[in-house]
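For the sequence shown, counting from 1, position 91 maps to 90 in numbering that gives the first Met the number 0; every step adds exactly one. Beta carbons are placed, not taken as given, at the ideal position from N, Cα and C, and that holds for glycine. Here is the structure we will look at.
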Amino acid sequence: MQIVSILTVIFAVLLLGTVVWGLRAQTEKYVTYGLVASRLLLLALIALTLYLTLANLHGELALGIINLVWQFITLVLLESAFRRKRQTFGSPRLSSLLIVAVLITIILAVV
Numbered sequence: 000m001q002i003v004s005i006l007t008v009i010f011a012v013l014l015l016g017t018v019v020w021g022l023r024a025q026t027e028k029y030v031t032y033g034l035v036a037s038r039l040l041l042l043a044l045i046a047l048t049l050y051l052t053l054a055n056l057h058g059e060l061a062l063g064i065i066n067l068v069w070q071f072i073t074l075v076l077l078e079s080a081f082r083r084k085r086q087t088f089g090s091p092r093l094s095s096l097l098i099v100a101v102l103i104t105i106i107l108a109v110v
């Protein structure tokens with residue numbers, strides 16, 4: 000159980016790195032690599048959070064559900080920000096919002 004919690008925090012921190020790397024990339028190839036890596040990490044993070052939520056059904060169920068909902072919101076922001084980055088030069092406001100969402104995801108992963 001502790002290993003899964005540690006993996007959740009590690010994946011959340013790696014997610015921040017891949018999001019920043021992908022949004023700062025200059026070529027479309029590296030933007031795509033950042034998107035793929037971020038997607039994989041976020042989906043793994045959602046799977047781990049779902050596992051932790053189901054394993055602790057009698058414990059902090061509400062926090063687990065809030066965490067899952069927030070991660071799906073982060074997934075939508077991730078797709079939107081990377082789509083905008085690939086189509087145009089990106090949106091600084093959307094990129095900043097995504098970074099804040101990932102930071103909140105890290106905080107929820109630690110809690």
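Pick from E59, V12, L51 and S95: whose alpha carbon is nearest that of L41? V12
C-alpha distance - Q86 paired with F71, whole-angstrom precision: 23 Å
Is the beta carbon of S37 sitting closer than 7 Å to the one on L96? no
Are the segment 17 to 25 and the segment 53 to 71 in contact at 8 Å, needing three or more beta carbon pairs? The segment 17 to 25 vs the segment 53 to 71: no contact.
Roughly how many whole angstroms lie between the Cα atoms of K84 and K28? 12 Å
Is the distance from the Cβ of L14 to the Cβ of V101 below 7 Å? By the CB criterion at 7 Å, L14 and V101 fall inside the cutoff.
Got a sec? Which residues, its chain only, sit under 7 Å from S79 by beta carbon, not counting five neighbours each side? L93
Just the Cα atoms here: how many angstroms apart are G63 and I5? 16 Å
Apply the 10 Å Cβ neighbour rule to V191 and answer buried if 16 or more other Cβ atoms are within range, or exposed otherwise. No statement about residue 191 is possible, as the shown extent of the chain runs from 0 to 110 and does not include it.
Along the chain, where does the alpha helix (DSSP H) that runs through G58 open and close? Note, G58: premise wrong, no alpha helix (DSSP H); not H, not E.
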